[in-house]
Amino acid sequence: MVFFGGWNRRKKEADVDQTVDNNIPQAHGALPALDPVPYDDGTKEVELKSGKSSGLQFSDDSLSVEIEQPKDGFFCSVKVLGKIPLPPKEVFDILTNPDNKRVFRSIKRVNYRKVLKDNGHGKKTIEVEHVGRWRFGPIRSEFVVRMNVFQDRNRGKIKFKLLKSSLMKDFSGEWTIEPYDKDSLDELVKYPGKKWGPMHHFSKAVHRFEESLWHTRTDSLVQLRQSVQPRLLPPPPLDRVLKQITLAQVRTIMQDLLDETHRANDAAMKNTKKQVDKKPLKGVVDILSFCRNIHTP
33 MVFFGGWNRR KKEADVDQTV DNNIPQAHGA LPALDPVPYD DGTKEVELKS
83 GKSSGLQFSD DSLSVEIEQP KDGFFCSVKV LGKIPLPPKE VFDILTNPDN
133 KRVFRSIKRV NYRKVLKDNG HGKKTIEVEH VGRWRFGPIR SEFVVRMNVF
183 QDRNRGKIKF KLLKSSLMKD FSGEWTIEPY DKDSLDELVK YPGKKWGPMH
233 HFSKAVHRFE ESLWHTRTDS LVQLRQSVQP RLLPPPPLDR VLKQITLAQV
283 RTIMQDLLDE THRANDAAMK NTKKQVDKKP LKGVVDILSF CRNIHTP
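In the numbering used here, the protein residues as written are 33 to 329.
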């Protein structure tokens, strides 16, 4: 399971620009319009936008991150929206893969993992402990986190709750992975928090059925919501530095996820090309044989 526990290194701005998808429909499907922030390497002060509740924000064409000060006593809350060029089930499998430390730089190693419940139909409860790592400029550190993770593959939901940590007093959160379509954009982007009636859910079910019927490969709209409470609250202005670290860590996790989806798509394209290269020859032979049989007296 992945959370924003830390990061090890940053990509250069040029590398990031190559992986950003600039084809998000702007009329109805654009992510929230936030002021863009230069992609930093953690060694210099970044230009940040203050929100109504002392928050920090970042956005580009495929990613939106908000770090805010909630009213419920937590140090900060994280809200991430991202367009991922891979179907929801495959994104879910990347996030829940027991070996996802090879994908996400914030995970150094997994010390413990035990499946507590498994209904055999996509729902699991897992207890996991891993060693996370973070870096901000010349400062770097490691820490241990143990948490319960509740997975629902059919609904595209991953919830997690802290059990114990060397750095955190409490945090909980949820990943939501939906197809990138009008329904999910309405629910998560355009009208977040709205209570939808039965007609909306019926229409959504019909659209999803059509996608499954035609085996349509859709992109995913991924949302992460998380609340954070460190064991020791830093005084101002160090609290803002900690929020900057949080912002950088979230962006790194999403960049790692994007990189992995690009690798998966490249592998799928190569596999498809191999199959296409083999099939046309057989098809041509069958057609020629059929035509030969027709004209043979």
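Ideal Cβ positions, reconstructed from N, Cα and C, are used throughout, including at glycine.
Judging by CA-CA distance, which residue of the options is the nearest neighbour of residue i?
i, options, result
"PHE234", "ASP215, HIS247, GLY225", "ASP215"
"HIS153", "SER198, ASN186, PRO170, LYS140", "ASN186"
"ILE209", "ILE171, LEU256, MET200", "LEU256"
"TYR144", "GLY229, PRO120, ARG283, ARG178", "ARG178"
"PHE106", "HIS294, ILE171, ASP271", "ASP271"
"GLU206", "ARG283, VAL254, THR248", "VAL254"
"ARG167", "SER96, LEU274, THR304", "LEU274"
"VAL142", "LYS133, LEU290, ALA237, SER197", "LYS133"
"ASN151", "ILE171, ASP184, LYS227", "ASP184"
"LEU95", "ALA300, ARG283, LEU194", "ARG283"
"THR128", "ILE171, ASP93, ASN180, GLY169", "ASN180"
Please say whether residue j and residue i have beta carbons closer to each other than 8 Å?
i, j, result
"ARG165", "LYS140", "yes"
"GLU174", "VAL160", "no"
"THR278", "ILE99", "yes"
"PHE182", "ILE285", "no"
"THR250", "ASP298", "no"
"SER138", "GLN281", "yes"
"THR304", "PRO117", "no"
"GLU156", "LYS146", "Just to set this straight, residue 156 is Lys in the shown sequence, not Glu. Cβ atoms of LYS156 and LYS146: not closer than 8 Å."
"GLN261", "LEU88", "no"
"SER252", "VAL123", "yes"
"GLU289", "ILE126", "It should be pointed out that residue 289 corresponds to Leu in this sequence rather than to Glu. A contact, by the Cβ cut-off of 8 Å."
Mind reading off the beta-carbon distance from residue i to residue j? Whole number of angstroms is fine, and I expect it under 8 Å.
i, j, result
"SER259", "PHE192", "With 8 Å as the limit, SER259 and PHE192 do not qualify as a contact, their Cβ atoms being about 11 Å apart."
"PRO102", "SER109", "5 Å"
"PRO211", "PRO120", "6 Å"
"VAL221", "SER198", "36 Å between Cβ atoms; not a contact."
On the three-pair Cβ rule with 8 Å, is the segment 232 to 246 touching the segment 95 to 114? no
Within the segment 131 to 218, note down every full beta strand (DSSP E) run reaching 3 residues or more, in order along the chain. 139 to 150, 155 to 168, 171 to 184, 189 to 197, 200 to 211
Can you confirm whether the segment 208 to 224 touches the segment 265 to 279 when touching is taken to mean that 3 or more C-beta pairs between the two stretches lie within less than 8 Å? They do not touch, by the three-pair rule.
Give, in chain order, every unbroken run of the beta strand (DSSP E) that is at least 3 residues long and sits entirely within the segment 238 to 318. 252 to 262
Mind listing, in chain order, the continuous beta strand (DSSP E) runs of no fewer than 3 residues lying wholly within the segment 82 to 122? 88 to 91, 95 to 100, 108 to 116
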